[in-house]
Every structure is written in structure tokens, then in C-alpha cells.
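What follows is one structure encoded as C-alpha cells, with my remarks underneath.
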Amino acid sequence: MRKNMHPICAVLCAAVGLTAFAACGGGEDDSSAEAAAYTISVTSSEDYALTPSKTSARAGEEITVTAEGKSADVYIEGVTYNGTDCDGEDGTYTFTMPDENVMLAAVTGRYEEVLSDGGMSFDSENQRAIIKGSRSSNTFDEHTWNFIVNFNWPQTYAVSNRSEIYSSDREVIPDDAISYTTRSNSSGNGWLQYATISIDTSKVEVGSAYLIIYFRSNNSSSTDGRLCVPVTVSDKIELQTMKETVVIDFGDYAEPGEDVIVRLFDSDYVEGTVIDGEDAPSFLEFPGKVGEDGKMTVTFDYVVGHSYSINIFKGTEWGLGYEEPEKFLMITGDVLGEGSSATGFNQYVDGELSFITPDFTIELTVDATFEEVNNG
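Whatever position you read off the sequence shown (first residue = 1), add 182 for this note's numbering.
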């Protein structure tokens with residue numbers, strides 16, 4: 183028969199039971215508490231903006247950071263957390279949250295204009311103000327804007343596949359809007375003379391960007407160059423004009439009182455340009471009569487920075503030189519007016535009329551017909 187338990191044994195057993203209960207989770211245990219969350223802060227900067235996917239996180243969590251430059255001049259090379267490089271590129275970066283608070287910062291660079299480098303040069307005639315959906319004056323291809331890059335590279339027949347062209351802002355000029363072709367010179371040796379960079383203006387958006395142009399010779403690893411060209415994309419461009427006057431002396435090629443038509447063709451005309459809110463014309467036409475002094479005066483709104491060719495036809499309706507070559511009058515001589523090599527000149531040179539100062543009058547003389555020039 184079982185004897186009754188001594189009272190002290192009962193107390194001891196109860197104490198042991200309480201201890202065992204606590205050890206099984208009935209009491210407080212620090213190891214079960216949630217891990218601490220740490221803050222994620224961003225270094226303040228006028229050059230860039232950083233946006234983390236969280237502003238606080240626990241150690242071991244993966245954090246995504248988007249980075250964006252605040253101006254077209256700034257580019258982001260990378261992002262750091264507490265001085266350590268994040269993974270990623272092209273504006274998206276990641277890091278694993280450490281067991282401490284985090285401070286984010288960006289490593290930046292600044293675009294600077296470079297128009298000539300390593301035997302390459304950005305042609306001075308290029309129009310860097312792109313008009314969305316339009317074409318530049320040096321192409322007939324719809325929705326195409328061309329830039330010319332000249333090469334001064336000996337014994338280069340092709341460019342390396344390491345060559346690249348991209349925009350600093352792909353939302354303004356995306357990669358698929360950019361293409362290029364190369365051209366050899368005409369001397370017969372086949373060396374590259376220039377490249378034509380084409381921008382599809384149906385794919386661009388209004389804004390500013392730098393065009394980074396890197397060409398490398400396929401025949402020499404040491405022959406290369408990198409250009410950095412600021413460009414703007416607009417819906418339209420307002421042109422500035424100033425009044426100019428051309429006096430045409432017909433000499434022996436037209437009698438006083440004869441009907442003539444003078445046309446000034448804008449050699450730099452671009453679709454999408456406007457003057458005082460109206461579409462800019464590609465040419466200006468002035469019908470009139472030769473004066474008693476054998477001259478005719480034309481005053482017009484000259485687009486600053488452009489050049490114009492002058493075409494003259496004898497008659498009341500415009501004709502074509504190859505149809506009536508004797509009626510198509512020409513000015514073949516050059517006239518150099520006021521100016522300097524630094525500022526340019528008010529001039530008519532190589533068949534192109536241009537001005538640098540307002541209210542200037544230049545006098546030109548008809549000295550041939552289309553028939554004389556082309557048929558001797």
C-alpha cells in the first residue's frame with residue numbers, strides 16, 4: 183500500500199513543476215522578440231534625388247533605391263550606403279540592409295560640352311535644336327534629324343563595334359531613335375571621312391539631353407574620340423529676324439520696266455520653325471519690275487544665322503531654269519561687306535546670302551543666265 187507523501191516533498195515537487203513550466207514558454211524570453219528596425223536616410227543634394235523602397239528595415243532585407251539627376255548636366259555613376267557601393271546601374275540600385283542605420287548618397291559626374299576630340303569634330307553646320315516630328319535641313323528623309331561628325335583619321339576604313347552613341351536622357355532621346363552610317367572620302371583611298379548620326383524625331387520627347395558620341399577606328403586601337411553635345415528637343419522653335427535689304431543691279435540682263443520675280447530660298451529652313459507665331463516660310467517671293475536705274479530693291483525679314491540663295495526669273499509667272507534657261511538670271515560673283523573673321527560678314531559668297539548686323543544693304547549684280555553658266 184502507498185504511503186502518504188511527506189509535506190516537504192510536495193513543496194519541492196511543486197517548485198520543480200513551476201520551473202519546468204517556465205522553461206517551456208510560460209515565462210518571458212528575449213530571443214522571441216522581433217529584430218530591431220533601422221532607419222534609411224538620404225544625403226541631401228542639389229544634383230540628385232534618391233528614393234529608397236523603405237525608410238526603415240531590419241537587417242538582411244533587400245532594399246531598392248532609384249536615383250535621378252536633377253539637371254541634364256548631371257549623371258549618376260553609382261549609389262552608396264554608409265560608404266559601400268550598392269549593386270545595379272542605370273538609375274536602379276540594391277543593397278542588403280546591415281545591422282545599423284543607413285545613409286544613402288550618390289556618386290555623380292557632370293556632362294561638359296566636347297565638340298572636338300581625338301581627330302573627331304562635330305560639324306559646325308549641325309542644327310542642335312531638334313524639332314519633334316520634323317527633319318533637319320540637311321536631309322530629305324521624313325522625321326530624320328542628321329548630325330555630321332568629321333574624321334581626321336589616317337588609314338581608317340571602318341569603325342570598331344565598340345563605337346557607341348547614346349543620350350544622357352533616354353526619355354528625351356531613346357536608344358532606338360539613334361543610328362549612324364559612315365562615309366569614305368572621294369580621293370579613292372577609301373578612308374573614312376565622316377559619319378552621319380540620324381535621330382528619328384518621331385520617337386523623341388520634348389526636353390534637353392547630351393548626345394554622347396564615341397567612335398573608335400577598326401584599324402587602330404589608339405585612334406578614337408568621344409564627343410559630348412548638348413541638344414534640345416522642342417515642339418517648335420521661334421526664329422529671330424532682322425530687316426535686311428538687297429539691291430539687285432540687272433545690268434544688261436533686263437531692261438527698265440521688265441517684269442521679274444526674285445525668290446530668296448532659306449538654305450537652313452526647318453519644318454516646325456515659326457516667326458511671330460506663324461509657320462516660317464521656306465522661301466520669300468518678290469514680284470516686281472526693273473526700275474529706271476536698272477535695279478530692284480528687296481527688303482525682307484532675315485532669319486538670324488541662316489543663309490539664303492537668290493533666284494531670279496524674268497516674267498510674271500515663276501519658271502524653271504532648265505525649261506527657259508535664258509530667263510533664269512544668276513549672280514555668280516562674291517560680295518563681302520562689313521564684318522570680321524571672328525563675327526562673320528554681311529556677304530554674298532558662293533551663292534549664299536547672310537548677314538550679321540540689322541538694317542544692312544548689300545548690292546549685287548546679275549552677271550549671267552542659267553543658259554550661259556550651263557551651256558557656255
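The beta-carbon is built from N, C-alpha and C at its ideal position, and this holds for glycine as well.
Problem set entry | Within the stretch 325-363, ranges of the beta strand (DSSP E) (whole runs, at least 3 residues) | 326-333, 346-349
Problem set entry | Spatial distance of residue 235 from residue 416 (CA atoms) | 34 Å
For this session: Tell whether a beta-carbon distance below 8 Å holds between residue 350 and residue 392.
Result: yes
For this session: On a CA-only basis, which of 536, 322, 546, 233 is nearest residue 514? Give me that one, please.
Result: 546
Exercise. Does the beta-carbon of residue 529 have 16 or more other beta-carbons within 10 angstroms, so that it is buried, or is it exposed?
Worked result: buried
Exercise. Count the other CB atoms within 10 Å of the CB of residue 448; is the residue buried (16 or more) or exposed (fewer)?
Worked result: buried
Exercise. Since residue 480 and residue 517 are thought to touch, with beta carbons under 8 Å apart, how far apart are those beta carbons, to the nearest angstrom?
Worked result: That pair is no contact at about 15 Å.
Problem set entry | Where the beta strand (DSSP E) containing residue 554 begins and where it ends | No beta strand (DSSP E) holds residue 554; the alpha helix (DSSP H) holding it covers 552-557.
Problem set entry | Cβ-based neighbour list, residue 419, same chain, cut-off 8 Å, excluding 5 preceding and 5 following | 311, 313, 452, 454, 455, 456
Exercise. Would residue 327 be called buried (16 or more neighbouring beta carbons within 10 Å of its own) or exposed?
Worked result: buried
Exercise. Relative to the C-alpha of residue 625, which residue among 258, 221, 400, 217 is closest?
Worked result: No answer is possible for residue 625: it lies beyond the span of the chain, which begins at 183 and ends at 558.
Exercise. Can residue 360 and residue 381 be called in contact, C-beta distance under 8 Å?
Worked result: yes
Problem set entry | Closest residue to residue 396 among 490, 274, 348, 526 (Cα-Cα distance) | 348
Exercise. Mind checking if residue 333 is an interface residue toward chain D, Cβ cutoff 8 Å exclusive?
Worked result: Absent from the structure: chain D. Only one protein chain is present.
Exercise. From the DSSP output, which residues share a beta bridge with residue 309?
Worked result: Note: residue 309 sits in no beta bridge, so no partner.
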